[in-house]
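Visitor: So that we are looking at the same thing, I have put the structure below in structure tokens.
Number of protein chains: 2
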Amino acid sequence: MTAPDIDPLSKRRLKMWIRLLGVARAAESSLREYLRVEHGTTLPRFDVMAALYRRRDGATMSELSRMLLVSNGNATAVVDRLEKDGLVRRTASETDRRTVYVALTPEGLRQFERLAADHEREINALFSDLSEQDVEQVTALLKRMGKGDKA
Amino acid sequence: MTAPDIDPLSKRRLKMWIRLLGVARAAESSLREYLRVEHGTTLPRFDVMAALYRRRDGATMSELSRMLLVSNGNATAVVDRLEKDGLVRRTASETDRRTVYVALTPEGLRQFERLAADHEREINALFSDLSEQDVEQVTALLKRMGKGDKA
DNA sequence: TTCGAATATTTTGAACTTGAAATATTAAAA
DNA sequence: TTTTAATATTTCAAGTTCAAAATATTCGAA
């Protein structure tokens, strides 16, 4: 039904995207299940904690949602739940009363470190078919894909 | 002579995954916004319609959720809304009263064909930095990654 | 045939996600 | 100074997502 394609590359890019999405979703599914069954937590919670682990001194809500590519409201909701569970702490900024800093609590830090090792093992198993060269190649190509980000 | 490998393959696979997830999420964000602004629809709706387009004769709910890697309940909800909007039709199976077939209505088909062309253009633009060789390489590598799917 | 396992779908409750609107605050401009 | 624009976060409503439970039905085995 669609008109004959003058630019077959376009179709190939589409196929590539569909495959990329498929791989990402399948791996996410696996991870989600792993986190739920083995650690009683969820991927969004893990993502927030991982971001806060990288920013040990704390990050603002805005930084957090930018790092994770999620909306502000979303970040607020997940942080609310983590805070209620004592894994994360909000601190008001001294210099700008609009700003809130979020950081892992000691308990949050302990829990995340337990999670992180298992998470890496799980990822490693999921992609165990790829050789070192494959991994480097994919990483390099993905790096180039991420460059033109305007959003 | 060479430095000891302080960055084993496991860590590289993890980095690759983080980058893969980043690229996928950024592209999904773009698509989501595009579908919302230009077509007043959402990615899940598009995904369902795309699956039904590939299965023009209709698919069961189970097939649908398997194709899209989403839960049954999720598929039910999205199909409910599409049905309410007249884009999709449920039909009871003659031979198995448990089974329901879902298919695009003529209006759903028309709308999807309008969407699909634009969607392809959008994807093509998102990954315009990649040469044909790049695209083939990524596709091939992703194909290998998807092999070990046990879920 | 009847019972129990397996299959197909929907329902349910909670968490997640979004975009937009509402608040509060800061910074800049007139 | 006063007003306006920009920034940071939360709240809100609607939609998405999940896993588990509930229904309904089919199928296989005793």
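So the sequences go chain by chain: C and H.
Taken in order, the first sequence gives residues 4 to 154; the numbers are from the working numbering.
Taken in order, the second sequence gives residues 4 to 154; the numbers are from the working numbering.
The beta carbon of each residue, even a glycine, is placed where N, CA and C say it ideally should be.
If you're wondering where the values come from, they're calculated on a predicted model, not measured in any experiment.
For the putative contact between glutamine 140 (chain C) and leucine 46 (chain H), defined by C-beta atoms under 8 Å, what is the C-beta separation to the nearest angstrom?
Guide: As a position in the first sequence, residue 140 (chain C) is number 137, starting the count at 1. As a position in the second sequence, residue 46 (chain H) is number 43, starting the count at 1. Going by Cβ atoms, the distance from glutamine 140 (chain C) to leucine 46 (chain H) rounds to 29 Å, so no, they are not a contact pair.
Visitor: Alanine 154 (chain H) to leucine 85 (chain H), Cα distance in whole Å?
Guide: For the purposes of this step, residue 154 (chain H) is taken as the residue at position 151 of the second sequence. For the purposes of this step, residue 85 (chain H) is taken as the residue at position 82 of the second sequence. Interpretation of alanine 154 (chain H) is limited by its pLDDT of 39, a score under 50 that renders its predicted location unreliable; the figure taken from the coordinates is listed afterwards. Distance between the alpha carbons of alanine 154 (chain H) and leucine 85 (chain H) is about 27 Å.
Visitor: For valine 138 (chain C) and methionine 64 (chain H), which I take to be in contact (beta-carbon distance under 8 Å), what is that distance rounded to the nearest angstrom?
Guide: Here residue 138 (chain C) corresponds to residue number 135 of the first sequence, with the count starting at 1. Here residue 64 (chain H) corresponds to residue number 61 of the second sequence, with the count starting at 1. Going by Cβ atoms, the distance from valine 138 (chain C) to methionine 64 (chain H) rounds to 38 Å, so no, they are not a contact pair.
Visitor: Answer with buried or exposed for arginine 48 (chain C), where buried requires no fewer than 16 other C-beta atoms within 10 angstroms of its C-beta.
Guide: As a working note, residue 48 (chain C) is residue 45 in the first sequence. By the Cβ-count criterion, arginine 48 (chain C) is buried, with 16 or more other Cβ atoms from all chains shown falling within 10 Å of its own Cβ.
Visitor: For valine 82 (chain C), is the classification buried or exposed, using 16 other Cβ atoms within 10 angstroms of its Cβ as the cut-off for buried?
Guide: Locating residue 82 (chain C) in the first sequence gives position 79, where the first residue counts as 1. The residue is buried, with at least 16 neighbouring Cβ atoms inside 10 Å.
Visitor: Just to confirm my understanding: we take leucine 67 (chain C), look at its own chain, exclude 5 residues before and 5 after, and list those with CB closer than 8 Å. What are they?
Guide: Residue numbering aside, residue 67 (chain C) sits at position 64 when the first sequence is read from its first letter. Around leucine 67 (chain C): Val51, Ala54, Leu55, Ala78, Val82, Val105.
Visitor: Which stretch, first to last residue, makes up the beta strand (DSSP E) that contains arginine 93 (chain C)?
Guide: Position 90 of the first sequence holds residue 93 (chain C). Residues 91-95.
Visitor: For leucine 107 (chain C) and threonine 44 (chain C), I'd like the C-alpha separation in whole angstroms.
Guide: The sequence position of residue 107 (chain C) within the first sequence is 104, counting from 1. The sequence position of residue 44 (chain C) within the first sequence is 41, counting from 1. Cα to Cα, the separation comes out at about 16 Å.
Visitor: Return the residues of the segment 111-128 of chain C that lie within a Cβ-Cβ distance of less than 7 Å from chain H, sorted by chain order.
Guide: Glu123, Ile126, Asn127
Visitor: What span of residues does the beta strand (DSSP E) with valine 105 (chain H) cover, start to end?
Guide: As a position in the second sequence, residue 105 (chain H) is number 102, starting the count at 1. Run containing valine 105 (chain H): 103-107, per the beta strand (DSSP E) assignment.
Visitor: Is it the case that the segment 20-29 of chain H contacts the segment 27-43 of chain C, given that we only count it when at least three CB pairs across the two stretches are under 8 Å?
Guide: yes
Visitor: Give a single yes or no on whether methionine 52 (chain C) has its beta carbon closer than 8 Å to a heavy atom of the ligand ATP.
Guide: This structure simply doesn't include the ligand ATP, nor any ligand for that matter.
Visitor: For glutamate 125 (chain C), is the classification buried or exposed, using 16 other Cβ atoms within 10 angstroms of its Cβ as the cut-off for buried?
Guide: In the first sequence, residue 125 (chain C) corresponds to position 122, counting from 1. Buried.
Visitor: From this set, H:Leu129, H:Gly149, H:Glu135, H:Leu12, which residue's C-alpha is nearest glutamate 36 (chain H)'s C-alpha?
Guide: One-based indexing of the second sequence puts residue 36 (chain H) at position 33. Among H:Leu129, H:Gly149, H:Glu135, H:Leu12, the Cα nearest to that of glutamate 36 (chain H) is on H:Leu129.
Visitor: Need the endpoints of the alpha helix (DSSP H) that phenylalanine 49 (chain H) sits in, please.
Guide: Within the second sequence, numbered from 1, the residue matching residue 49 (chain H) stands at position 46. Counting along the chain, the alpha helix (DSSP H) containing phenylalanine 49 (chain H) begins and ends at 46-57.
Visitor: Have a look at H:Glu110, H:Ser131, H:Ala120, H:Glu135 and flag the residue whose alpha-carbon is nearest the alpha-carbon of leucine 38 (chain H).
Guide: Position 35 of the second sequence, counted from the start, is the residue given in the question as residue 38 (chain H). Selected option, being the one with the closest Cα: H:Ala120.
Visitor: Measuring CA to CA, which of H:Thr142, H:Arg100, H:Ala62 is closest to valine 91 (chain H)?
Guide: To locate residue 91 (chain H), count along the second sequence from 1; it is residue 88. Closest by alpha carbon: H:Ala62.
Visitor: Could you check what DSSP says for threonine 98 (chain C) in three-state terms: helix, strand or coil?
Guide: On the first sequence, position 95 is the one that residue 98 (chain C) refers to. In the structure shown, threonine 98 (chain C) sits in coil (DSSP, three-state: anything other than H, G, I, E or B).
Visitor: Assuming methionine 148 (chain H) contacts leucine 133 (chain C) (C-beta within less than 8 Å), just tell me the rounded distance between them.
Guide: Against the second sequence, residue 148 (chain H) aligns to sequence position 145. Against the first sequence, residue 133 (chain C) aligns to sequence position 130. Going by Cβ atoms, the distance from methionine 148 (chain H) to leucine 133 (chain C) rounds to 7 Å, so yes, they are a contact pair.
Visitor: For leucine 38 (chain H), would you say it is in contact with chain C, using Cβ-to-Cβ distances shorter than 9 Å as the test?
Guide: Position 35 of the second sequence holds residue 38 (chain H). Output row for leucine 38 (chain H): interface = no.
Visitor: Start and end of the alpha helix (DSSP H) containing lysine 87 (chain H)?
Guide: Here residue 87 (chain H) refers to the residue found at position 84 when the second sequence is read from its first residue. From DSSP, the alpha helix (DSSP H) with lysine 87 (chain H) extends over 75-87.
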